[in-house]
Structures are given as structure tokens and as C-alpha cells.
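In what follows, a structure is listed as C-alpha cells, so that the remarks can point back to it.
Numbering (my numbering), first residue to last: 10 to 209.
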């Protein structure tokens, strides 16, 4: 399946409202970006809870909406513009977006991660940098737990420093199960991982 990306450059005061209106009009996803990104005029801006909608956009904003390939993009933009009471629909450009295996594309950006003294988290498409280390072959996916988050790393380092051979270990809120796997490889007898997230 393919999609069409709709790109609209618009002033700060309309960016967030237009973003919401595009979703209501049938866009599949919408993002607001700095239209000056990559130039001298680029401004860092980080949305924080409680910010006014006009503060959560750039002076020169770009609204990017993803639509179905066969959708009427002009009608979607016109409906969104009318919903926020713009005098006329803004100009926009479109470009096709080819389908991709988005999970695989994201996964390809992951490299092996060295944790603690002797633990490596290695995606299946990489060779382990040290075959004598404790290797966890783990492909990053939708579940939390790749070893890159500081709390996960800290827990893995603690498990390595305090092995529990023969003991039971519960990985509560396990995500990918990475901590349970480390505990098992370090000699824990019984290991269980539980989570309420269906992606876990």
C-alpha cells in the first residue's frame, strides 16, 4: 500500500489547529515541523505540557499530513481550512510515499549495545563484537526494552554485579523480556516476565 504526503507551510498561529483539523478531515497522521529546519533560521522548540497551541509551533511551520493514496487531498485541505475558519485553503504540495516494512526500517538503525562489563545486546542482523561475552540476541520491536534506555541499562548492570544463581527472578513490566533473559543467562533458576502491554 502507498500513501500521499501533503505538505503545507503555515504561520505559527494556525499550525496546531490545522493539524487537528486535518486529522478530523481524514488524514491518517499529521506532524508539525520547523519549515526552516536545516537553515540558519532553524529554532529548537520542545513541546511541554501546558504550552499554548501557538507556542507549540514555529514562526514558519510546516504541517505534514499522510493520506490514503486515493484520497482527495484538496478536499481534505479545504475541509480542514474551513473548520478553523481560514479565509481560503492554504497552498500545499504532495508527494507519494511508498510502502515499506517500517518496523524493519527502524530496526536497521540499531547497532549492538555494550552494557556493564560483559553484556552485549545484539540485533540478529549483526555479528556479536565479542563472542565470549554474554550475548543477548534481540531484535528491537514495538515492546519496550532494547538496552538503550538508562533504567534498563542500570538494571542490567545491577544483575551482572549481583548474579543470583539458582534463585527466582520476576521481570515485572517486562516489555521485551530483556531483564528476564539477562537473569537467566546469569544463572537464575526460575525466571518469569509479566506485562499488560499486548506488544510485550
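Glycine is no exception: its CB is placed at the ideal position from the N, C-alpha and C atoms.
Use the C-beta contact count for residue 200: other C-beta atoms within 10 angstroms, 16 or more gives buried, fewer gives exposed.
Walking along the chain shown from the start, residue 200 turns up at place 191. That one is buried.
Are the region 111 to 131 and the region 77 to 90 in contact at 8 angstroms, needing three or more beta carbon pairs?
no
Applying the criterion that 16 or more other CB atoms from any shown protein chain within 10 Å of the CB defines a buried residue, is residue 161 buried or exposed?
By 1-based counting over the chain shown, the position of residue 161 is 152. Counting Cβ neighbours within 10 Å, residue 161 comes out buried, since at least 16 surround it.
Are the C-beta of residue 188 and some C-beta of chain C separated by less than 7 angstroms?
Checking the listed chains, one finds no chain C in this structure; it contains a single protein chain.
Going by the CB atoms, is the gap between residue 189 and residue 202 shorter than 7 angstroms?
Within the chain shown, numbered from 1, the residue matching residue 202 stands at position 193. Within the chain shown, numbered from 1, the residue matching residue 189 stands at position 180. A contact, by the Cβ cut-off of 7 angstroms.
Closer than 8 angstroms is the cut-off here; do at least three beta carbon pairs connect the region 34 to 43 with the region 132 to 145?
no
Excluding the five sequence neighbours on either side, which residues of its own chain have a C-beta within less than 8 angstroms of the C-beta of residue 103, listed in chain order?
Residue 103 sits at position 94 when you count from the first residue of the chain shown. Result list for residue 103: 13, 14, 15, 16, 82, in chain order.
Can you check DSSP and say which residues form a bridge with residue 102?
Here residue 102 corresponds to residue number 93 of the chain shown, with the count starting at 1. In DSSP, residue 102 forms a bridge with 16.
Starting from residue 145, follow its DSSP beta bridges and name the residues at the other end.
Position 136 of the chain shown holds residue 145. The partner list for residue 145 (beta bridge, DSSP) reads 130.
Please classify residue 90: is it buried, with 16 or more other beta-carbons within 10 angstroms of its beta-carbon, or exposed?
The residue you call residue 90 lines up with position 81 of the chain shown. Flag for residue 90 reads buried.
Apart from the five residues just before and just after residue 176, which ones in its own chain have a Cβ nearer than 6 angstroms to its Cβ?
Taking the chain shown and counting its residues from 1, one reaches residue 176 at position 167. Closer than 6 angstroms at the Cβ level, and outside the excluded window around residue 176, lie 197.
In the DSSP assignment, find the beta strand (DSSP E) that holds residue 42 and state where it starts and stops.
As a working mapping, residue 42 is identified with position 33 in the chain shown. 38 to 43 is the span of the beta strand (DSSP E), which, as asked, contains residue 42.
For residue 75, report the span of its beta strand (DSSP E) as first-last.
Position 66 of the chain shown holds residue 75. Note, residue 75: beta strand (DSSP E), 69 to 77.
Taking a contact to mean a Cβ-Cβ separation below 7 angstroms, would you say residue 210 touches residue 122 in this structure?
The structure shown does not extend to residue 210, since the chain is modelled only from 10 through 209, so no value can be given for it.
Count the other CB atoms within 10 Å of the CB of residue 158; is the residue buried (16 or more) or exposed (fewer)?
Mapped onto the chain shown, residue 158 falls at position 149. It counts as exposed.
Beta-carbon separation (whole angstroms), residue 142 vs residue 127, contact threshold 8 angstroms:
For the purposes of this step, residue 142 is taken as the residue at position 133 of the chain shown. For the purposes of this step, residue 127 is taken as the residue at position 118 of the chain shown. Rounded, the Cβ-Cβ distance is 5 angstroms, consistent with contact.
Just grab the DSSP bridge partners of residue 179 for me.
Residue 179 sits at position 170 when you count from the first residue of the chain shown. Answer by DSSP bridge pairing, in chain order: 201.
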